[in-house]
Every structure is written in structure tokens, then in C-alpha cells.
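Take a look at the structure set out below.
Protein chains: 2
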Amino acid sequence: MSQPARKARRMAEAPAAPRLALAHEAPAGQLPVQLGPLGVQLGFLLRLAQEAAFDAFAARTGQAALRPGRYSILVIIAANPGISQTALGAAAGRDKSTLTPALADLERRGLIRRDRPPQDRRSYALTLTEVGRQVLEGLRHHAAAHDAALEALVGPADRAAFVAVLRRIIQGIGA
Amino acid sequence: MSQPARKARRMAEAPAAPRLALAHEAPAGQLPVQLGPLGVQLGFLLRLAQEAAFDAFAARTGQAALRPGRYSILVIIAANPGISQTALGAAAGRDKSTLTPALADLERRGLIRRDRPPQDRRSYALTLTEVGRQVLEGLRHHAAAHDAALEALVGPADRAAFVAVLRRIIQGIGA
DNA sequence: AACGGATCGTTGGATATCCTACCATCCCCG
DNA sequence: CGGGGATGGTAGGATATCCAACGATCCGTT
């Protein structure tokens, strides 16, 4: 849900070679493209890393129904049965309007249920169906493998430090 | 260019508090939302970190003309006068079709020039104008400040290690 | 009991992305 | 020299995002 659907359409293929080399190899006889200061700027590298990671996860999951964005929705609903759309959006880091078509799609596929709690007819209580649990189980394997692949690159000994840095960025960069 | 224009519209305001707390604080009397395994999954954290960093940079720059995506385009063109659109897209990690409207806009604003090299009338040679250089100069200050803010969170002593991890992810996650 | 402010979720619109197909151009090979 | 494959860039379409505004509902205050 956080990226366009290119990954869904590309997933039937084996993952492509990385789209970008930081030290750009140009065609024979040409100089490589210089990135200037971008090559060491943390924001730019974060973007490239995130997109590469996202692409790789999408490659693993392979089907539109199992796109990374849907995965995080299913995980959060599974962990919080009865959660509202507003709370889900906040937890997933997504605008509530972004969730409207995504949840409609998951409901249509039979992966979740949206019930009107009698005490608040404005909102929905979201829960996974049995089918949804099964689909999520399949996704968890992909997610675990993806996480292991990322951890291999980070270095297992450095994982905790890396996570701590990401959390500090998440919590602190807007201040 | 890597994210929707929400940031452009929001930039006139002071940056909002972070949209997401990893340990979600719920309304009084409610339990916080549980992230389940997402809270420690590297892919999810990378996404949140990247979006938070992007939001923060967009907040600094403030105007649509100076959006982060345009910044990377200007930096790369500045470092590679005469670069083609195809090479620029590859360096920026963007599809060439994504660049078409962005470059048209930059040209319209007088920040770049697109010339037809006589030896290859299929392509364009992209260069910054004097106005483009000036706009880029202003952006560099924002970018440097943003990078410093990120470095403060990463920890100056850990910056090189963090960059190395991001590069390994960029280069290696798709393999 | 009624009113006004707040909230939940949806809709419409805008922006940004990529993929595929196409046209114009280039270049290499037979 | 000509043809065919490749390349540069654009257009159309699909997907995903957020913002603002709206209708329905909730709740607190008077």
C-alpha cells in the first residue's frame, strides 16, 4: 500500500537485478553518472534502501492480494481484533482514506469482516476471518524470510543498533 | 517526487508531531494498538523511517518547487551537465516516464534547459540554468540541515556504519 | 431535550509512481 | 545501402498516497 502496484505486476518474474548501482556503471566508453552529495546523504540513501527492501518483499509475496501494504493491515488487525479504521490507519502510518479501498478489497476477498459495533454506529470493528488468518500465515513466512534477508545485510550483531537508529529517526526527525 | 504532494501542501505549517508512535498511545481508557511482529520487522521500520525523514525534509523546503524529488533531480543534473533523461532516471532511481512531467515542470520554471544534441536527436541534454543553480543552492542548505538532523539521530560516530548498512541493503536485497 | 462540537468513514480531487506501447531516431550487420 | 533491432522519450492507464469536505453519528453542556 505504500508503493505503486508495479511490484504486483512484476512479481511473476524473478526479481530483477538492483535497479541502481551507487557507483553507476555507464555504457562502455561513458563516464558513470555522478550523484554529487546525494551519494552520502542519509535521506536519499534511506529512500533507496526502503524502496529496494519494499521491492524485494513484493517479489517474495508475488500476488496482488499479498502486497506488503496489505500485510501490515492484516498483521495489525490480527493483533487488535475489533480495531477501528482510524486506529488502524494511525498504527499503519496511513491516512484513513487510504484504507477505505484497501479494506473494501480485503473484505470483498473474504479476509476480514467489518462489523458495526452497536455502541458506535459511526465506526467499524475490524476482524480477520479464518481465510484471512490463513492468508496471513502464508504472508508471515514471506515476511520472516524477508526480515532474515535484511538482517543478513545489516549484520545480526548490529540489528538491535540499526533498529534503534530507525526508531530514533521515526520518533525524532519531525521534532 | 518519491512521495505524494501532501508535503507540499502541508509545508506552510510547522511540522506536525510524528504521525506514529511505535508504542501507540490510545485515547484515555483504551489499550494502545499492538503492532504485533511489525514493530520489530526491518522492512516496516525502514518504511516508517523513510517516510518520516521525507516528511521532515519536505517540511524544511516548504514549497512545491523545492520538493525533495526535485532536489535530487537538480543535484544530479548539476553534477552531470548534458545528462540524458534515461541516465538521470537510472541515477535517481526513478522510471524515465516519471521524469517526463517533472522535467517539463522544471523547464517551465526556468530551472533547467533541455537541448537536443545534434549527434542524437532522440535524446535531450539536460543542464541547469543560472536560476536553477540559485534554487539548488537554497535547497542545498535545507538538505545539509536535514542531513545534520538525521546524523544527530543516527549518532555521528555511527554514521559511516549506518551508511554502509543502507548501501548493503540497496545493493543486496534484491539478489 | 436540544444544540453544537467532535469523531468515523467516505468521496472527490490532486499528486506521484511505474508499466506498456508507441513514435522517432540511431546504429550495426549482412 | 537497406533493414532490423535497440534506444530515448512520451502518452495512456493503473495503482497508491494524502488533503479537504461532507454526511452520519456520538457526546457533553446548557
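Residue numbers (the numbering used here), protein chains in the order written: chain A, 3 to 177; chain B, 3 to 177.
Backbone N, C-alpha and C fix where the C-beta goes; we use that ideal spot for every residue, glycine too.
Residue contact check for S74(A) against chain B: a CB pair falls below 9 Å. Between I172(A) and L50(B), the beta carbon gap of about 5 Å places them in contact (Cβ cut-off 8 Å).
Of all residues in the segment 117-146 of chain A, only R142, A145 and A146 place a beta-carbon less than 9 Å from a beta-carbon of chain B. According to the DSSP secondary-structure assignment, A166(A) is paired through a beta bridge with no residue. Chain-order list of chain B residues neighbouring P39(A): V77, A81, R142, A145, A146 and D149, by C-beta distance under 9 Å. Separation of I79(B) and D122(B) (C-alpha to C-alpha, rounded to the nearest whole angstrom) is 19 Å.
When only Cα atoms are considered, R142(A) and P119(A) end up about 29 Å apart. Around K98(A), the same chain offers Q87, T88 and G91 as residues with beta carbons nearer than 6 Å, after the five sequence neighbours per side are excluded. Counting along the chain, the unbroken alpha helix (DSSP H) around D107(A) starts and ends at K98 to R110.
With a threshold of 9 Å between beta carbons, I175(A) makes contact with chain B.
The beta carbon of A58(B) falls within 9 Å of a beta carbon belonging to chain A, placing the residue at that interface. For L138(B), no beta strand (DSSP E) segment is defined; the enclosing uninterrupted segment is the alpha helix (DSSP H) at E132 to V156. In the structure shown, the three-state DSSP call for R118(B) is coil.
Excluding five sequence positions before and after A94(B), the CB atoms of its chain that fall closer than 7 Å to its own CB belong to S74, I75 and I78, given in chain order. In this structure Q136(A) is exposed. Its beta-carbon is surrounded by fewer than 16 other beta-carbon atoms within 10 angstroms.
At the C-beta level, L155(A) and L138(A) stay beyond 9 Å of one another. Proximity of A55(B) to chain A, defined by a Cβ-Cβ separation below 9 Å, is satisfied. Below the 7 Å Cβ cutoff, chain B contributes L155 as neighbours of R170(A), in chain order.
With its beta carbon at least 9 Å from every one in chain B, I114(A) lies outside the interface.
Under the criterion of beta carbons closer than 8 Å, A81(B) and L37(A) qualify as touching, at roughly 7 Å. DSSP, reduced to helix, strand and coil, places L47(B) within a helical segment of the structure shown. Between A55(B) and I85(A), the C-beta spacing is not below 9 Å. Listed along chain B are V35, each with a C-beta nearer than 7 Å to that of A89(A). The residue among L152(A), A145(A) and A159(A) with its C-alpha nearest the C-alpha of P39(B) is A145(A). The DSSP-derived three-state label of L40(B) is helix.
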